[in-house]
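Working notes for the structure below.
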Amino acid sequence: VLGNIGTITRAENGEPFPFFYGMRTAGIFQTADEVADYVNSRGEMLQPDARPGDVRFVDCNGDGTIDDADRVKIGKGAPDWTFGFNLAVAWKGIDLGAFFNATIGNDIFDAYLNMPRYMLDRWTGPGSSNRIPRLSRNVDATNWQSSDLYVHDGSFLRLRSLQLGYSFPSTLLRKVHIERL
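Going by the numbering used here, the first residue of the sequence shown is number 5, and it counts up by one from there.
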């Protein structure tokens, strides 16, 4: 359990260990009419306490209510591929070497304790954001429960080492009795 967002991981047979677990989202309610129109097959509001700027959660199990039973796999931290490679080139006594490493196919659960910079792009009125909900003083607000809003692509390519060198000509070095420099 992480802060007010609840349990973020789960272990299950046949799935990567552990995987990220939470609610699926379908954007942000832009108007009160959108909140009122988000109904189940019986015509009941799916999120009766929602307001414009709140997250629209998906009824994943199709039972007509939004609750913990709608939590699903929303990502995984384990990469599909992890690799590294070296590059080396030399020309007229100058040499360059680089080492890179990378992962592909992993996600990151982005749960900051402080507000990240992207919160400046939060919902502030109709049409302002369809990803980041409004801010609320209500600590228990459902907007901040574990959901795919927190999951981002974690794949990367990183330069780990870079070396640039120069080898002095051997004719110059023999004069001072040095083999290589």
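From the three backbone atoms N, C-alpha and C, an ideal C-beta is built for every residue, glycine too.
Residue i and residue j closer than 8 angstroms at C-beta
{"i": "S194", "j": "T29", "result": "Nothing about residue 194 can be reported from this structure: the residues present for the chain run from 5 to 185 only."}
{"i": "L100", "j": "I70", "result": "no"}
{"i": "F23", "j": "K96", "result": "no"}
{"i": "N134", "j": "G31", "result": "yes"}
{"i": "G57", "j": "W127", "result": "yes"}
{"i": "L177", "j": "L185", "result": "yes"}
{"i": "A102", "j": "L166", "result": "yes"}
{"i": "K80", "j": "P20", "result": "yes"}
{"i": "N147", "j": "V59", "result": "yes"}
Rounded C-alpha distance that separates residue i from residue j
{"i": "A54", "j": "V39", "result": "7 angstroms"}
{"i": "Y122", "j": "G129", "result": "16 angstroms"}
{"i": "G33", "j": "R164", "result": "What sits at residue 33 in the sequence shown is Phe, not Gly. About 43 angstroms."}
{"i": "G88", "j": "A82", "result": "16 angstroms"}
{"i": "I98", "j": "D157", "result": "38 angstroms"}
{"i": "P137", "j": "D74", "result": "20 angstroms"}
{"i": "T107", "j": "T175", "result": "45 angstroms"}
{"i": "H181", "j": "Y170", "result": "18 angstroms"}
{"i": "D114", "j": "V62", "result": "20 angstroms"}
{"i": "I112", "j": "S132", "result": "25 angstroms"}
{"i": "E237", "j": "N105", "result": "With the chain represented from 5 up to 185, any question about residue 237 goes unanswered, as that position is not in the structure."}
{"i": "R162", "j": "N17", "result": "32 angstroms"}
{"i": "D72", "j": "A92", "result": "53 angstroms"}
{"i": "W85", "j": "G109", "result": "7 angstroms"}
{"i": "Y154", "j": "G10", "result": "12 angstroms"}
{"i": "R46", "j": "G68", "result": "8 angstroms"}
{"i": "T35", "j": "C64", "result": "23 angstroms"}
{"i": "S140", "j": "L124", "result": "14 angstroms"}
Where residue i falls: helix, strand or coil (DSSP)
{"i": "Y154", "result": "helix"}
{"i": "Y170", "result": "strand"}
{"i": "W127", "result": "coil"}
{"i": "D111", "result": "strand"}
{"i": "R164", "result": "strand"}
{"i": "V180", "result": "coil"}
{"i": "A15", "result": "coil"}
{"i": "A82", "result": "coil"}
{"i": "N147", "result": "helix"}
{"i": "Y25", "result": "strand"}
beta-carbon residue i near the ligand NAP non-hydrogen atom, thresh 7 angstroms
{"i": "G18", "result": "In the structure on display, the ligand NAP does not appear, and there are no ligands present to speak of."}
* To do: Quick one: which unbroken beta strand (DSSP E) runs of 3-plus residues sit fully inside the segment 48-76? Chain order, please.
  => Taken in chain order, the whole beta strand (DSSP E) runs of length 3 or more contained in the segment 48-76 are 59-61.
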